[in-house]
Structure formats: C-alpha cells, structure tokens
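Residue numbers (this note's numbering): 11 to 434.
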C-alpha cells in the first residue's frame, strides 16, 4: 500500500512537461520518481489515505474505490486538495493513459490529468476527479443516474460526460440523468445502445431539447417519469426500448410530447393547464400522480410568469449554464391535495417560499375579489410585520383569464385554513 500524496506546483509543472513531451514521443515513460520526491510532492493534509496499484474496469469502479479509501481514512467531505488529483493521475498513469499494442501511449491531453482549467464546469474532464465528484454528488448513483456517465473505461471521456455534465441545468436534475440512462443504456449488459449518439434523437438531441425548455420547467424538481413523458415523438424509438426494458413510458401523458415545441410561459401554461384538466378526471397510478404533480408545478409557475402572485418577486439564479435558471417561486395548492385539492392551475398560486409557508398556515388568505387578507396573528405579533405590507393588496393575476384561482378554492382556504369569519 502507498500513502496518498499531493504534487507541489513544481511537481505539477514537471508532470505537464511530460504530457507535452508525450504528444511528440508516444513511447516516453512517465516521471513516476516524482511521486515520492519531496522536491515535487508532499504528504496529503486531508489524512492518512492508503491506496494500491491496481486496474479498474470502469470509471464507476474507480470512483467507488477511491471514495472507500478516503472514507476509511475519515475523509467524509469531498476531497479536493491542491495537487492531489494530479498525483493520483500520475500514480495510475498506466490506467488513465495505457500503452497500446505498439508500445505507445495515447496523446496526453493535459486537461485529462491536470486541473488547469479555471472554469469549474470543465474540471470534470479530469479522468479521476470527474468520476469521484459524480459519485459523491449522487451518493453512488443507486437510482441509475450515473449508469451512462460512469460506464466507460477509465481513460474514456465520452460525449455523455461532455453534454450532460457541462450543462448545469441538466446536472442539477436526478430525473434527467436517470432518464438518459434508461434511454441509452442496456440494463442487462450495462453497455450503450447502438446509435445513442445519433444527431436527431440521440444523447446530444436529448440534452439540447431539455436544456432549451422554457425557464418554468424546473428540471431539478421533475421526476424521471415526467422527463420521459416530456420527450417529443422523435425519441419514440428510444422510448419504446426503454418501455420494454424499464417500464418508464406512461400512456396517459402522450400529449406532453407536444409541449416541447413551446418556447414561452403563456403557451406552456395554456397547454399544460388543459392537460391537467383532462388527467384530473381519470383514475391514476402512483407513477402517473407523480408526473401530474410535476406538470402542476410547471403549469402554475408558467401561468404567473415565474413571479410570486402576492409579492411580485421573481428571484432568479443563473446555474452556470447559458439557459438554465432556478426560480425561488414555488407552486402552492390553494386546497391541499391531502384535503382533496386537485392538481389544477385554478387550484394553484405561484408564491415565493416565505409567503408559500405563510399561506399554507393560514396567515394569508384571499377573498373572492382577489384581495389579500392577513390573519389576526400577523397584526398582533411584531415578528410577522413583514407580511403587513400586503394587507388589502390585490393578487397579481395570471397571464390567462382561465387560470384565475377558483373562487370555491379560495373560499375553502379562507374559511378552513385562514381565519376569515365570512367570505365574499
């Protein structure tokens, strides 16, 4: 066993020189002597981690191994010390840059071995750090979300890693990653389906379609089933395979396939609102209810243009990608589902998180003229003074009149959750 160390700046520089040399001289040997040389490496400050020379069948196998070694040394947080991953890349160089039958190594692309890119989105390209960080982020990927990303041999940086991992909007969604694995992987063999990189309906098209959905689609909150149901007709070939192997396709939501072509909140809210009206009249399985819940959230947020219906706030956070955003606004049921409320836009309000919490507890209620009222405890407790600014304001109406909140739902909420004595 060998103790894990870190390359110093001089050691990283020496490793980079070798990688540059390797592009010209494919048979040159790596400078393994610097691994233990105190002029080029130092002990790891994270803890006493021991590793062994060995081979790995896949990126997943390496990630599981190094995480186990780190945890056994008491390192429970993400391990990312300066020079550590460069040292590991050199230690396992025969694995990440193997010698071929001609006795030559593949060209040593420095970004696969050195963390030299300042852009965090591209640091996943490191052949060892990338799998480990994915493993840590998704706790080993027990739901299948890492099957597509970690199935390759250790030296391989696939298009899956590029197109999924470098789009933060997609990487924030366990449902997206699991859907990609269901679509493009054989569950029995653990290998990719033939043609998975096809331009029209392969992985690139899958990533492009989801990444370009309107902002109201909060992919991080949508289930795998909802993601699968959203995919348009062009993905039917893969959907058929996934249905046979994984039972992931849900017939009740065929119309969702048409929504992908929509590019504005109003059209999304209109079409999803109509679909919710249809499916709420049916008996549904547990999986179908999960999909319906995701549609409800998206439709309500779209109906109010991702802004709080009471405060008008629409706080948006860019997630590091060109098109991905997270909104602070949430979809609130007026009549809770647990009390018989339906997943209909008319039974929903887009509310920021604080107001959503207060609304669910009856501190805020709304009358039949869409005027905002506050419960008595708001006016009698100074800690609730922030809410007082909304007293007698009018609810900010959704873009389409058919999405106005149901008067009967508001009445129920005011009398059963709020403290209204009467409703008008």
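Think of the CB as a built atom: it goes at the ideal place given N, C-alpha and C, for glycine as much as any other residue. Note that the structure is a prediction, hence the values are computed from the model and not measured.
Hey, how far is the Cα of residue i from the Cα of residue j?
{"i": "residue 146", "j": "residue 287", "result": "41 Å"}
{"i": "residue 193", "j": "residue 153", "result": "14 Å"}
{"i": "residue 423", "j": "residue 395", "result": "22 Å"}
{"i": "residue 444", "j": "residue 379", "result": "For the chain, the structure presents residues 11 to 434; residue 444 sits outside this window and is missing."}
{"i": "residue 34", "j": "residue 23", "result": "18 Å"}
{"i": "residue 131", "j": "residue 167", "result": "14 Å"}
{"i": "residue 142", "j": "residue 342", "result": "37 Å"}
{"i": "residue 97", "j": "residue 36", "result": "21 Å"}
{"i": "residue 120", "j": "residue 245", "result": "36 Å"}
{"i": "residue 425", "j": "residue 391", "result": "21 Å"}
{"i": "residue 430", "j": "residue 402", "result": "14 Å"}
{"i": "residue 65", "j": "residue 108", "result": "11 Å"}
{"i": "residue 239", "j": "residue 338", "result": "25 Å"}
{"i": "residue 227", "j": "residue 308", "result": "6 Å"}
Assign residue i to buried or exposed, taking buried as 16 or more other Cβ atoms, counted over all protein chains shown, within 10 Å of its Cβ.
{"i": "residue 421", "result": "buried"}
{"i": "residue 200", "result": "exposed"}
{"i": "residue 136", "result": "buried"}
{"i": "residue 40", "result": "buried"}
{"i": "residue 76", "result": "buried"}
{"i": "residue 91", "result": "exposed"}
{"i": "residue 259", "result": "Model confidence at residue 259 stands at a pLDDT of 44, short of 50, so the residue's coordinates are unreliable and nothing is read from them."}
{"i": "residue 295", "result": "exposed"}
{"i": "residue 113", "result": "exposed"}
{"i": "residue 139", "result": "buried"}
{"i": "residue 241", "result": "buried"}
{"i": "residue 225", "result": "buried"}
{"i": "residue 111", "result": "exposed"}
{"i": "residue 11", "result": "exposed"}
Three-state secondary structure (DSSP) at residue i?
{"i": "residue 217", "result": "helix"}
{"i": "residue 358", "result": "strand"}
{"i": "residue 91", "result": "coil"}
{"i": "residue 6", "result": "Given a span of 11 to 434 for the chain in the structure shown, any question on residue 6 remains unanswerable."}
{"i": "residue 119", "result": "coil"}
{"i": "residue 24", "result": "helix"}
{"i": "residue 245", "result": "helix"}
{"i": "residue 99", "result": "helix"}
{"i": "residue 365", "result": "helix"}
{"i": "residue 44", "result": "helix"}
{"i": "residue 259", "result": "Residue placement at residue 259 is flagged as unreliable, the pLDDT there being 44, under the threshold of 50; the coordinate-derived value follows with that caveat. In the structure shown, residue 259 sits in coil (DSSP, three-state: anything other than H, G, I, E or B)."}
{"i": "residue 234", "result": "helix"}
{"i": "residue 1", "result": "Not covered by the structure: residue 1. The range shown for the chain is 11 to 434."}
{"i": "residue 106", "result": "helix"}
{"i": "residue 66", "result": "coil"}
{"i": "residue 17", "result": "strand"}
{"i": "residue 227", "result": "coil"}
Go through its chain and collect everything with a Cβ distance to residue i's Cβ below 6 Å, but skip five positions before and after it.
{"i": "residue 323", "result": "362"}
{"i": "residue 236", "result": "301 and 304"}
{"i": "residue 351", "result": "343, 345 and 357"}
{"i": "residue 73", "result": "141, 142 and 145"}
Within a Cβ cutoff of 8 Å, which residues of the same chain sit near residue i, ignoring the five residues on either side of it in sequence?
{"i": "residue 406", "result": "314, 317, 318, 319, 320 and 322"}
{"i": "residue 100", "result": "17, 25, 40, 41, 42, 44, 45 and 123"}
CB-CB under 7 Å to residue i, same chain, minus the five flanking residues each way: which ones, in chain order?
{"i": "residue 171", "result": "134, 140 and 159"}
Segments assigned alpha helix (DSSP H), at least 4 residues, entirely inside the region 137-210: 139-147, 157-160, 178-181 and 184-194
4 or more residues per run - each alpha helix (DSSP H) lying fully within the region 278-313: 296-313
Ordered list of alpha helix (DSSP H) runs contained in the region 353-434, each at least 4 residues: 363-370, 386-390 and 417-426
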